[in-house]
Structure formats: C-alpha cells, structure tokens
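First comes the structure, then the notes that go with it.
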Amino acid sequence: MTVAFKILGHLIDEANAARAHFQVWWALRNLALPEFYDTMNDSKYVQFFHASNSGHYKLVFVALGKIYDSDTRAAGIAELKSALRAEGRADVADKVQRDLASMNAHVQRILGIRNRTVLHNEHALERAIVYEMHGIQPDEIWELIDATSEAFNVAAEALGHSFRVSASKSYEAATLAMLEQLQRGGA
1 MTVAFKILGH
11 LIDEANAARA
21 HFQVWWALRN
31 LALPEFYDTM
41 NDSKYVQFFH
51 ASNSGHYKLV
61 FVALGKIYDS
71 DTRAAGIAEL
81 KSALRAEGRA
91 DVADKVQRDL
101 ASMNAHVQRI
111 LGIRNRTVLH
121 NEHALERAIV
131 YEMHGIQPDE
141 IWELIDATSE
151 AFNVAAEALG
161 HSFRVSASKS
171 YEAATLAMLE
181 QLQRGGA
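Position 158, counted from 1, in the sequence shown is what our numbering calls 158; the numbers after and before it change by one each time, with no gaps.
Written out as structure tokens, the structure reads:
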C-alpha cells in the first residue's frame, strides 16, 4: 500500500464525515422546520437538539479543515498531491488540482472560520465578526463537499482504491425519520 493510497483513505473518511455532519445539521436546521419544531423543543429532547445543531455544524468545519490542512505532517490534500507525484502519478495529482481549483475561495472561508472560532477562540474578534468576515453559505459548503468528494472518488478509481465518498443523503433521511418517531411519541 502506497503513501498516497493511505492518505486517500483518510481523506475519503473525512469527506464522508463532512457530508454526514452537514446532512444532519441541514436536516435539523432547515428540513425539519417548521414541522418538527415542537418535537425538537420538547423538554425531554431540547438539550440534545441544541448540542446536535452546534456539534454537527462545528464538525463540518473540522472535517473539511483536516482535508484542506496544508501542514506537511497532516494527511491532507496537499500531501496527497505530493505523494501522488512522488509515486509517479502526477496525472492524478494534476486532475485533483484542476477539479478543486474553483473551490479555493470556499476553502479559505472554511479554514478562516475553523481557525478563528471552531478550533481556537480568537479573543480579539467577536464570533459574529469572524462569521461575517469569512461568511460561507450552506449551498457553498454543499458545493465544496460535493467537489471534494468527486475529486476523491476519481482519484480512488485511478488508484484502484475500494473506498468511495457516498453521494447519498442517507443522514438527512435518518435524521428526519428519528424526528418522525419522536413526534409520534415512540422511541
């Protein structure tokens, strides 16, 4: 197993995590409302939903931050491209680079938020100001996750890697199914 193959496996795991956490957050904050508002505010569950909303949202930034981490000690996309080139697969590295070039602005905004509010609390700036400075819309996060996932799936195909990033919306469906069950009063 090559270094690039191992790094790609880590990146696929993180892309699946980013997709899963985003889908749960999206389902709770958008798809579930207003239908499940009362269920989520039920005194038996409200604290869980407050923690879930915040936690899943933050974990999207953590997963994407790990993918786009440029530290040479990290198994990020920069190291994947380096390993691919060192292993004679510049064709795959170049394809990944081309496929993700249009996402650079999204990546910088994600990393700005991650670095200043999710992993570190920058005391010089209020959280609201950080989000305003680095604001990214949910559809842009979706777009980044989709583009990243597709680039990894193409690389996985080229390297003969059996793992893929799922394109399904199963986490949205599971979240809504759970809310339906809670609303009916069953567990």
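All C-beta atoms in this analysis are idealised placements derived from N, C-alpha and C, irrespective of residue type, glycine included.
Since the structure is predicted, the reported quantities are computational estimates derived from the model, not experimental observations.
Give the range of the alpha helix (DSSP H) segment to which residue i is assigned.
{"i": "V165", "result": "Premise fails: V165 is in no alpha helix (DSSP H) and is neither H nor E."}
{"i": "F49", "result": "V46 to I67"}
{"i": "G9", "result": "V3 to W26"}
{"i": "A86", "result": "I77 to A86"}
{"i": "N104", "result": "N104 to I113"}
{"i": "I145", "result": "P138 to L159"}
{"i": "A177", "result": "S170 to R184"}
{"i": "A32", "result": "Where A32 is concerned, there is no enclosing alpha helix (DSSP H), given that its DSSP letter is neither H nor E."}
{"i": "A93", "result": "A90 to L100"}
Assuming residue i and residue j form a contact by the criterion Cβ under 8 angstroms, report the distance between their Cβ atoms to the nearest whole angstrom.
{"i": "V60", "j": "F5", "result": "At roughly 26 angstroms, the Cβ-Cβ gap does not stay under 8 angstroms, so V60 and F5 are not in contact."}
{"i": "F163", "j": "A156", "result": "6 angstroms"}
{"i": "A75", "j": "H10", "result": "4 angstroms"}
{"i": "V3", "j": "A90", "result": "Actually they do not touch by this definition, with Cβ atoms about 15 angstroms apart."}
Residue i CB to nearest chain B CB: under 9 angstroms?
{"i": "S149", "result": "The question asks about chain B, but that chain is absent: this structure has only one protein chain."}
Hey, would you say residue i sits closer than 9 angstroms to residue j, going by beta carbons?
{"i": "V62", "j": "Y171", "result": "no"}
{"i": "Q183", "j": "D38", "result": "yes"}
{"i": "V165", "j": "N16", "result": "yes"}
{"i": "I67", "j": "A147", "result": "no"}
{"i": "V92", "j": "L159", "result": "yes"}
{"i": "L100", "j": "L8", "result": "no"}
{"i": "L144", "j": "I113", "result": "no"}
{"i": "L28", "j": "M40", "result": "yes"}
{"i": "L179", "j": "F48", "result": "no"}
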